[in-house]
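Encoded as structure tokens, the structure appears first; notes follow it.
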Amino acid sequence: MTDTTDFRSAFRGTFSGVLRWPQLDALWVTLRGVADDGWYIYAVGEAPPSRVASAEEFNRFIDEVDVLLRREHQEDYCGIVYADSFEVPAFVKIFDPNNLGVSCGYSDNPPLPGWILSRIPPADLRAGALPGNRRRWWQHLFS
């Protein structure tokens, strides 16, 4: 299995939602404890990173995304962060509060997360998600 296949399989895997803000705090504590374990920080829509983040970069990202989520998702629940495991996370999806669509529930075209923390080298999700005609339309629109 290639890294790209591994990433796509992990992306489609089983995740649990972080429902409450205290659960998110606990997840951040867990992630900070493994910041040196080789994490990729992938901003979906940008080119996938080719290197793991340093522990400093990883912790800075957690600080900044936490501020952004709390500022822009002004609900008494979280519900926009999903982890493959709360105890030993290896893959975390963080949805952009301004692009939620139907991140919960069923949709033929659910929104992609805004950011992914992964121990597996990321594959480009946008390239796989857009059909060729849509990609050409987008490129023409902004060329």
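Residues in the sequence shown are numbered consecutively from 2, following my numbering.
Note that the Cβ used here is the ideal one computed from N, Cα and C, for glycine as well.
- For W29, the enclosing alpha helix (DSSP H) covers residues W22 to R33.
- A Cβ-Cβ separation of about 12 Å leaves A84 out of contact with R120 under the 8 Å criterion.
- For W116 against V53, the beta-carbon gap comes to about 15 Å, at or over 8 Å, which does not count as contact.
- Between A56 and A36, the beta carbon gap of about 4 Å places them in contact (Cβ cut-off 8 Å).
- Distance from the CA atom of F87 to the CA atom of H74, rounded to whole angstroms, is 21 Å.
- Secondary structure at V68: helix, using DSSP grouped into helix, strand and coil.
- About 6 Å separates the beta carbon of P114 from that of V45, a gap short enough to meet the 8 Å contact definition.
- Rounded to the nearest whole angstrom, the CA to CA distance from G80 to R21 is 7 Å.
- With a cutoff of 8 Å on beta-carbon distance, I63 and L25 are scored as not near each other.
- In the structure shown, E88 adopts coil according to DSSP, grouped into three states.
- Closest by C-alpha distance to G14, out of R72, K94, D38 and E47, is K94.
- Shown here, A124 sits in coil according to DSSP, grouped into three states, outside any helix or strand.
- P23 counts as exposed, since fewer than 16 other C-beta atoms from the protein chains shown sit within 10 angstroms of its C-beta.
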